[in-house]
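*Asks:* In terms of my numbering, the numbers along the sequence shown are unbroken and rise by one, the last being 338. We treat Cβ as the ideally placed atom computed from N, Cα and C, and that holds for glycine.
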Amino acid sequence: MTVQFTIIGLGQIGASVGLALAEHSDRITRIGHDREPNIAKRAREIGAVDKIFYNLPAAVEKAEIVLLALPANQIRDTLQIIAPCLQENAVVMDTSPVKSAVAEWMKELLPPTCYYVGLTPAINPLYLREAERGIRAAHPDLFTKGVMAISSPQGTVGEAVKLAADLSSLLGAAPYFIDLAEADGMMAALHIMPQLSAAALTNVVMDRAGWKDARRLAGRVYAEATSPVAYGDDEDDALVEAVLQNRENVVRILNEMISNLEELREDISAQERKKLTKWLERAHQGRSKWWQERNAGDWQSTDFEKVKLPKSNLWKRMFGDPGKLFGLPKPNERDEKK
């Protein structure tokens with residue numbers, strides 16, 4: 001008997017998860033759903049899923065694992081639809097850039113017999129500069145040499161967290177355990193802020209009186225600096241949702257950036273050559289060091305936070321006893337373990 005793994009959202013992340021699991025088709029049945037039929041069809045064509053369901057409830061009713069590979073603005077509405085249809089002990093995961101808000105939605109809407117674990121993927125460095133978006137950017141090795149940050153609400157059973165860790169390893173990523181608030185703080189700086197900064201620069205330049213002529217001279221530096229704006233495309237609502245659901249962290253990072261820019265403005269006005277040179281050198285060296293580490297991808301040697309997890313191999317137990325999903329305790333057993 002195979003385990004049903006339902007992927008909702010078949011963009012780059014969702015389709016890549018499906019592709020990475022393709023070699024385990026003897027143990028896992030991959031069910032896919034996307035609100036865009038053409039994308040769902042394409043996912044089936046490239047082998048990212050075994051079967052497509054256009055009806056959301058039907059896609060999850062027999063699923064042991066449900067992955068919401070969706071932007072932040074689609075999570076809650078989707079959860080409202082699927083929550084009543086989930087079977088007992090189903091594990092729901094998401095890959096959105098906001099975790100505390102999603103955890104609250106899960107607490108509100110998920111049946112008490114189900115589990116939630118949040119995933120934040122950092123992709124293979126080979127694809128960091130890839131221009132393609134969506135399912136066109138899906139790769140079976142998208143998570144190889146990357147990191148999968150794993151976050152879960154307090155009190156989540158260890159077996160569910162271990163399942164997320166085993167899945168991460170199966171995808172080729174190093175599991176990295178962080179709490180929900182820490183994940184939100186990181187994503188505010190690393191995912192949300194670059195897009196807001198790029199949008200701010202774009203709007204400032206376009207609002208200048210000479211933009212009509214200046215745009216002819218805009219070259220590589222401007223194109224790269226403003227490229228995060230392209231991530232939004234027709235999904236600006238997703239970024240707005242992520243900003244508002246993570247507003248405390250975003251405002252904090254904005255204040256830090258404004259303070260940094262004010263100091264930069266003062267140094268430029270005062271013609272502080274040494275300070276300006278030191279400021280730029282620090283940024284250059286810091287990015288260069290990060291880029292080398294990111295491309296090396298040797299995260300096993302990184303001193304990640306250690307989390308005590310069950311020693312059992314969940315994938316082995318999963319297939320050894322199909323009647324009991326991953327060895328997860330039943331609701332009454334959870335109470336006994338507390």
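Kindly list the residues whose CB is nearer than 7 angstroms to the CB of F53, restricted to its own chain and excluding five residues on each side of it in sequence; keep chain order.
*Replies:* I31, H33 and A59
*Asks:* Please list the terminal residues of the continuous alpha helix (DSSP H) segment that includes P37.
*Replies:* P37 to E45
*Asks:* Using beta-carbon positions only, say whether A173 and G118 come within less than 8 angstroms of one another.
*Replies:* Between A173 and G118, the C-beta gap is not smaller than 8 angstroms, which leaves the two residues out of contact.
*Asks:* So who's on the other strand from R287, going by DSSP bridges?
*Replies:* R287 pairs with nothing; no bridge assigned.
*Asks:* Hey, is the stretch 143-155 in contact with the stretch 119-129, meaning 3+ C-beta pairs nearer than 8 angstroms?
*Replies:* yes
*Asks:* Return the Cβ separation of A103 and L167 in integer angstroms, given the expectation that the two are a contact with Cβ distance under 8 angstroms.
*Replies:* That belief does not hold up - the Cβ atoms of A103 and L167 are roughly 18 angstroms apart, past 8 angstroms.
*Asks:* Taking the CB atoms as reference points, tell me whether C114 and L86 lie closer together than 8 angstroms.
*Replies:* Remark: C-beta atoms of C114 and L86 approach each other more closely than 8 angstroms.
*Asks:* Which runs of the beta strand (DSSP E) spanning at least 3 residues fall entirely within the stretch 146-181, listed in chain order?
*Replies:* If we require 3 residues or more, the beta strand (DSSP E) runs fully inside the stretch 146-181 come out as 147-151 and 174-177.
*Asks:* E235 to P71, Cα distance in whole Å?
*Replies:* 8 angstroms
*Asks:* Per the DSSP calculation, I65 is bridged to which residue(s)?
*Replies:* F5 and V91
*Asks:* Give a yes or no on whether the C-beta atoms belonging to P97 and M187 are separated by under 8 angstroms.
*Replies:* Yes, these two residues count as a Cβ contact at 8 angstroms.
*Asks:* Identify which residue in N55, I65, T95 and H24 has its Cα closest to the Cα of A238.
*Replies:* T95
*Asks:* Would you identify the three-state DSSP class for R216, choosing helix, strand or coil?
*Replies:* coil
*Asks:* For L276 versus I268, is the C-beta spacing smaller than 8 angstroms?
*Replies:* It is a contact, given that the beta carbons lie within the stated cut-off.
*Asks:* Among T2, T6 and S16, which one has its Cα closest to the Cα of L171?
*Replies:* S16
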